[in-house]
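In what follows, a structure is listed as structure tokens, so that the remarks can point back to it.
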Amino acid sequence: MIEKEKHGLETSIIDHRFLKKDIHGAIMMPVYAGAAFEFDSAESMEDAFVGRTGAHAYSRISNPTVEDFEQRVKIASEAVAVTALASGMAAISNTFLTIAYSGANIVTSPHLFGNTFSFFLFTLKSFGVEVRFCDFIDTESIEAYVDENTCAIFTEVITNPHMEVAKLKKISAIAQKKNVPFILDTTLVPWSVFKARHFGVDIEIVSSTKYISGGATSIGGLIVDHGTYDWKKSSKLNAIAAQHGNMSFNVKLRSEIFRNLGACMSPQVASMQSLGLETLDLRYKHASTSCLALASFLRRLSATGSVSYNGLPTDPYHRISKEQFGNSPAGAMLTFSLKNKAACFAFMNKLKVIRRATNLFDNKTLIIHPSSTIYGSLAIQYRQMVNVPDDIMRLSVGLENVEDIKNDILQAL
Ligand SMILES: *Cc1c(COP(=O)(O)O)cnc(C)c1O
Numbered sequence: 000m001i002e003k004e005k006h007g008l009e010t011s012i013i014d015h016r017f018l019k020k021d022i023h024g025a026i027m028m029p030v031y032a033g034a035a036f037e038f039d040s041a042e043s044m045e046d047a048f049v050g051r052t053g054a055h056a057y058s059r060i061s062n063p064t065v066e067d068f069e070q071r072v073k074i075a076s077e078a079v080a081v082t083a084l085a086s087g088m089a090a091i092s093n094t095f096l097t098i099a100y101s102g103a104n105i106v107t108s109p110h111l112f113g114n115t116f117s118f119f120l121f122t123l124k125s126f127g128v129e130v131r132f133c134d135f136i137d138t139e140s141i142e143a144y145v146d147e148n149t150c151a152i153f154t155e156v157i158t159n160p161h162m163e164v165a166k167l168k169k170i171s172a173i174a175q176k177k178n179v180p181f182i183l184d185t186t187l188v189p190w191s192v193f194k195a196r197h198f199g200v201d202i203e204i205v206s207s208t209k210y211i212s213g214g215a216t217s218i219g220g221l222i223v224d225h226g227t228y229d230w231k232k233s234s235k236l237n238a239i240a241a242q243h244g245n246m247s248f249n250v251k252l253r254s255e256i257f258r259n260l261g262a263c264m265s266p267q268v269a270s271m272q273s274l275g276l277e278t279l280d281l282r283y284k285h286a287s288t289s290c291l292a293l294a295s296f297l298r299r300l301s302a303t304g305s306v307s308y309n310g311l312p313t314d315p316y317h318r319i320s321k322e323q324f325g326n327s328p329a330g331a332m333l334t335f336s337l338k339n340k341a342a343c344f345a346f347m348n349k350l351k352v353i354r355r356a357t358n359l360f361d362n363k364t365l366i367i368h369p370s371s372t373i374y375g376s377l378a379i380q381y382r383q384m385v386n387v388p389d390d391i392m393r394l395s396v397g398l399e400n401v402e403d404i405k406n407d408i409l410q411a412l
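Residue numbering for the sequence shown follows numbering that gives the first Met the number 0, beginning at 0 and increasing consecutively.
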């Protein structure tokens, strides 16, 4: 057999071949839209159900189109197992329901995506899981929060809308010392510039709604397992770790939690997101380059206050970003401030090209005022914890001509 050449990431994603050859020779993975799959014999049906073969039986459990998308993500992320789900939040909830138990705790930052914060603080709490919030920028302080019931150290690769970048190697060293898995939400920085595996991350969570979907075509989520954690050290998974070793998380997830929660990705969505994955690198380059240009532009304007984007050489996270994400600009999202909330609202209301919408990494440039929306319905004590100032707006940069975005900003100011 001829050794397969090592290709660039773009080529590897596009050149990916199906697990089984398509009988018509289709180049694009067909959408296998049905719920159930037929078997030639009762024996082969038994084999499929007890997991002796990889045959598909029912689309909540696995589906050829979804599996093909998972295979492509596996290549892009260099993971050992990937599960595609109905949303980023489904990926978060499935992950933590796989490893958490009553009496367990999660060590994390309070600067989290709004629903993740709410899931930890309210949803998991009612099942006896404690969340321990600490300052992830003061990396040294994290260790003191970890004890024998810590089931994970969790954070986000760039926090949103605080725009902080944590030192991942330092955090993973603490996780390793304390025998705890390190789980990272990597939604904001795609695989073209960042491989979490190289920074000691055991499991990645991604909202594929964002960069991967290919222009906000659909909602989706991914659990990307690097198979690096020794689950014998987990009080919940050690029972199966003797048999399944480093794959114990994936086994528990795929054979129990994922099936029981039923938040599977649909084959139609997998097809759209596969197509999105093929152009991820191209779109990301354009959007992140525009984002850097817009950050420099906003900084020069007299009406704007602070501008946060780690691609700016003046940004406090510029150096750590370069170390972790390389020389290309990191992410295609920035925040900037105006005098106060009223000034932000007046500005937003005058925009013509930039859309007033939530979401990130749409093909369209989107703006949101986070404190009044994403965090708007939180009780006051939690709003203080997440601490999002009300004079900032978040801009997610799309694929328009960057000069048109600049002009839209100028006319609205
Ligand atoms: C959007 C987002 C999520 C949640 O993803 P959904 O697909 O909306 O469920 C989680 N984490 C981060 C960082 C996000 O931006």
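A virtual CB, placed ideally from N, CA and C, is assigned to each residue, including glycine. Computed from a predicted structure; not experimentally measured.
Determine, using beta carbons only, whether residue i and residue j come nearer to each other than 7 angstroms.
i, j, result
"I91", "I218", "no"
"S305", "S336", "yes"
"S234", "L8", "no"
"N62", "P266", "yes"
"I105", "E142", "no"
"L281", "Y210", "no"
"A80", "F68", "no"
"F116", "L167", "no"
"S270", "T122", "no"
"A294", "L333", "yes"
"S289", "V130", "no"
"P189", "Y283", "yes"
"S207", "L221", "yes"
"R354", "K363", "yes"
"S287", "A215", "no"
"D390", "N339", "yes"
Considering only residues of the same chain and omitting the five flanking positions on each side of residue i, which have a CB-CB separation below 6 angstroms?
i, result
"I367", "T357, R393"
"A165", "F135, T154"
"P180", "A151, D201, Y228"
"T185", "V156, A195, E203, V205"
"M0", "Only weak support is given to the placement of M0: the predicted model assigns it a pLDDT of 41, under 50, and the question is left unresolved by the model."
"I13", "E277"
"R486", "Because the chain in this structure spans residues 0 to 412, residue 486 falls outside the shown range and cannot be described."
"S108", "F135, T154"
"I408", "none"
By the DSSP assignment, the alpha helix (DSSP H) with residue i in it spans what residues?
i, result
"R282", "279–299"
"A151", "It is not in any alpha helix (DSSP H) - A151 instead sits in the beta strand (DSSP E) that spans 149–155."
"D415", "Nothing can be reported for residue 415, as the shown portion of the chain is limited to 0 through 412."
"G113", "113–117"
"I367", "Looking at the DSSP string, I367 is not in any alpha helix (DSSP H); the run it does join, the beta strand (DSSP E), is 365–367."
"A238", "237–243"
"V250", "247–251"
"E129", "Here E129 belongs to no alpha helix (DSSP H); instead the beta strand (DSSP E) covers 129–132."
Can you tell me which of the three DSSP states residue i falls into?
i, result
"S92", "helix"
"E9", "helix"
"A75", "helix"
"F433", "Within the shown structure, residues of the chain are numbered from 0 to 412, placing residue 433 beyond reach of any answer."
"E203", "strand"
"Y381", "helix"
"E42", "helix"
"A165", "coil"
"L260", "helix"
"V65", "helix"
"V30", "coil"
"I1", "The predicted position of I1 is uncertain, since its pLDDT is 48 and thus under 50; a value taken from the coordinates is nonetheless stated next. In the structure shown, I1 sits in coil (DSSP, three-state: anything other than H, G, I, E or B)."
"G330", "coil"
"F121", "helix"
"I224", "One detail in the question is off: residue 224 reads as Asp in this sequence, not Ile. Strand at D224."
"R16", "coil"
"T82", "strand"
"L183", "strand"
"R196", "helix"
"V268", "helix"
"S305", "coil"
Beta-carbon within less than 8 angstroms of residue i's beta-carbon, same chain only, minus the 5 sequence neighbours each way: which residues are those?
i, result
"L96", "I256, L260"
What are the boundary residues of the beta strand (DSSP E) that includes residue i?
i, result
"E142", "E142 -> no beta strand (DSSP E), and no H or E assigned at all."
"V352", "Here V352 belongs to no beta strand (DSSP E), and DSSP marks it neither H nor E."
"N104", "104–107"
"S320", "Here S320 belongs to no beta strand (DSSP E); instead the alpha helix (DSSP H) covers 317–324."
"H229", "Note that residue 229 corresponds to Asp in the displayed sequence, not to His. It is not in any beta strand (DSSP E) - D229 carries neither H nor E in the DSSP assignment."
"R393", "391–395"
Could you tell me how far apart the beta carbons of residue i and residue j are, in whole angstroms, since I believe they sit closer than 8 angstroms?
i, j, result
"K177", "V145", "5 angstroms"
"P369", "P160", "5 angstroms"
"G113", "I373", "4 angstroms"
"F48", "A41", "About 10 angstroms; that fails the 8 angstroms criterion."
"Q380", "F193", "So it is not a contact: roughly 34 angstroms between Cβ atoms."
"F346", "L412", "6 angstroms"
Using a Cβ-Cβ cut-off of 7 angstroms (strictly less than) and excluding sequence neighbours within five positions of residue i, which residues of its own chain qualify?
i, result
"F17", "M28, D67"
"H15", "Q70, R71, I74"
"V30", "T64, P266, Q267, S270"
"I239", "S247, V250, K251"
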